[in-house]
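Down below is the structure, laid out as structure tokens.
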Amino acid sequence: MKAIAVFPVTKEVRLTNLPEPSLRSPTEVLVRILEVGVCGTDHEICSFQYGTPPTGVPFLVLGHEALGQVIEVGSAVTRFRKGDLVVPIVRRPCPHASCVYCRSARQDFCVTGDFLERGIKGMHGFMTELIVEEEKFLVPVPAELRSLGVLVEPLTIAEKAFVQGADIQERVQWKGVRELTALVLGAGPVGLLGAMVFASKGLNTFAYSRDPEDGVKAAFLRSIGAKLVSAEKTTVGEMVKQIGGIDIVYEACGASKLAFDVLEHLNPNGAFCFTGVPGRRGPVPVDTDLLMRNMVLKNQVLFGTVNAGRDSYQAAVQDLAEFSRRWPDAMAQLITGRYPMADYEKVLLGRPGGIKNVISFQ
Ligand code: BGC
Ligand code: ZN
158 MKAIAVFPVT
168 KEVRLTNLPE
178 PSLRSPTEVL
188 VRILEVGVCG
198 TDHEICSFQY
208 GTPPTGVPFL
218 VLGHEALGQV
228 IEVGSAVTRF
238 RKGDLVVPIV
248 RRPCPHASCV
258 YCRSARQDFC
268 VTGDFLERGI
278 KGMHGFMTEL
288 IVEEEKFLVP
298 VPAELRSLGV
308 LVEPLTIAEK
318 AFVQGADIQE
328 RVQWKGVREL
338 TALVLGAGPV
348 GLLGAMVFAS
358 KGLNTFAYSR
368 DPEDGVKAAF
378 LRSIGAKLVS
388 AEKTTVGEMV
398 KQIGGIDIVY
408 EACGASKLAF
418 DVLEHLNPNG
428 AFCFTGVPGR
438 RGPVPVDTDL
448 LMRNMVLKNQ
458 VLFGTVNAGR
468 DSYQAAVQDL
478 AEFSRRWPDA
488 MAQLITGRYP
498 MADYEKVLLG
508 RPGGIKNVIS
518 FQ
């Protein structure tokens, strides 16, 4: 069967052939891949800045945002049947007995760094026709989410961030204090999905990005009751004045300078969440005295979050269903391109534009 792979040594991204997998244990599930989303991480892997093939293998099969359909289940599988839609979890636990997080299925909090991530770190991904997966790493998706299920994984990033932020903000009993303002940095898929999470929870939601205020992303945000402020014409200071203060920041653009500029303007008792993984471009000057003073005198919290646990996958499945009931037109706009496998170069090496582009494997 065909797979889309990156060869870091020879610096190639191309199709390769893999043997068709089959069930090896009674707890495994054979899944036909339907669609795989492409994100910034894939672009970084394709420019050889990130990503690690499995040990001893010269290539890494790409793809971590997948939707698949069960075609065969092992004899001990209880939760899935042939025909079910599934989303595979990306991260796999490290092998160390001492890592309490991996040992309790919270590999998103792994402390050893020896976790694996399918399509990213040490394990092949989902840009291929068939995969075999342990039942415990699959999340069920209802049939009505056939066209949106590929968005589950990018949505898990925001779901985990929201739960982490809400837990942290329990310290100031933020629920019901007053109307809170959330600011999303960036208006890519992770940012827009994050804006949907915050808006659906009742926060006053804004996004700050380079996109124009009369473009498709601004219209998308308007349709969910949020608002885009364009960084092309509004400085950070002006933006903060315009939106009247920021209680929670959801950073989803990977631009560290912008993030720290915004951090200077966080409200008292606010929380700031990083999700981007910037490339290393060398040191950036920041006013550390000012930030430290603010963080102490204003009780602020700055935190990062990576990947997600099963609870966030389940929340993402539920929220996708809720968002499509509440905002059907917006949801229909999120996936802007569906490409056959043969067009992988256009999506992975070119920048076809739009919001979320996916590759279809059937
Ligand atoms: C993926 C996460 C992963 C992270 C770091 C993101 O693009 O969505 O699952 O943990 O990259 O590798
Ligand atoms: Zn991703």
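As numbered in this note's numbering, residues 158 to 519 make up the sequence shown, in order. Beta carbons: idealized from backbone N, C-alpha and C, even for Gly.
For residue j and residue i, the rounded distance between their alpha carbons
i      : j      : result
Val227 : Leu242 : 6 angstroms
Pro210 : Leu337 : 43 angstroms
Gly382 : Thr362 : 8 angstroms
Ala162 : Thr173 : 7 angstroms
Lys159 : Pro178 : 12 angstroms
Asp404 : Phe377 : 23 angstroms
Asp271 : Gly401 : 43 angstroms
Leu180 : Thr285 : 16 angstroms
Gln321 : Cys259 : 18 angstroms
Phe205 : Arg335 : 46 angstroms
Classification of residue i by the beta-carbon crowding that lies within 10 angstroms, buried from 16 upward
i      : result
Met498 : buried
Phe355 : buried
Gly411 : buried
Val195 : buried
Val386 : buried
Asn464 : buried
Glu316 : buried
Asn456 : exposed
Lys374 : buried
Asp486 : exposed
Gly240 : exposed
Ser366 : buried
Phe192 : The sequence shown places Glu at residue 192, rather than the Phe named in the question. It is buried - the Cβ of Glu192 has at least 16 other Cβ atoms within 10 Å.
When the options are compared against residue i, the one with the closest alpha-carbon
i      : options                        : result
Ala223 : Arg236, Leu308, Ser179, Leu378 : Leu308
Pro252 : Leu273, Val244, Arg236, Ala233 : Leu273
Ala409 : Thr167, Gln206, Ala352         : Ala352
Thr212 : Met280, Leu191, Glu201, Pro369 : Met280
Glu291 : Leu415, Val247, Asp199, Met396 : Val247
Leu448 : Arg303, Leu423, Gln475         : Leu423
Pro215 : Leu415, Val170, Phe237, Leu349 : Val170
Thr184 : Val166, Val289, Glu192         : Val289
Pro250 : Gln264, Arg238, Phe237, Val441 : Gln264
Met396 : Pro425, Val341, Glu192         : Val341
Ser304 : Gly333, Met488, Lys358         : Met488
Tyr207 : Gly436, Cys267, Ser481         : Gly436
Gly306 : Ile190, Val268, Thr198, Ser357 : Ile190
Leu302 : Thr493, Leu477, Ile492         : Leu477
Val244 : Pro299, Ile516, Cys203, Arg482 : Pro299
Tyr501 : Val218, Pro165, Val443         : Val218
Residue i: CB within 6 angstroms of a non-hydrogen atom of ligand 2
i      : result
Cys196 : yes
Glu421 : no
Glu274 : no
Glu336 : no
Glu222 : yes
Any non-hydrogen atom of ligand 1 closer than 6 angstroms to residue i Cβ
i      : result
Gly277 : Looking at the sequence provided, one finds Ile at residue 277 rather than Gly. Ile277: yes, Cβ under 6 angstroms from ligand 1.
Val247 : yes
Asn456 : no
Asn361 : no
Val453 : no
Asn464 : yes
Stretch pair the region 317–327 + the region 388–400: three plus CB contacts closer than 8 angstroms: They do not touch, by the three-pair rule.
Segment contact flag, the region 309–323 with the region 461–474, C-beta cutoff 8 angstroms, min 3 pairs: At 8 angstroms Cβ cutoff, the stretches touch.
At least 3 beta-carbon pairs within less than 8 angstroms: the region 451–460 vs the region 429–437: Because the criterion of three Cβ pairs below 8 angstroms is met, the region 451–460 and the region 429–437 touch.
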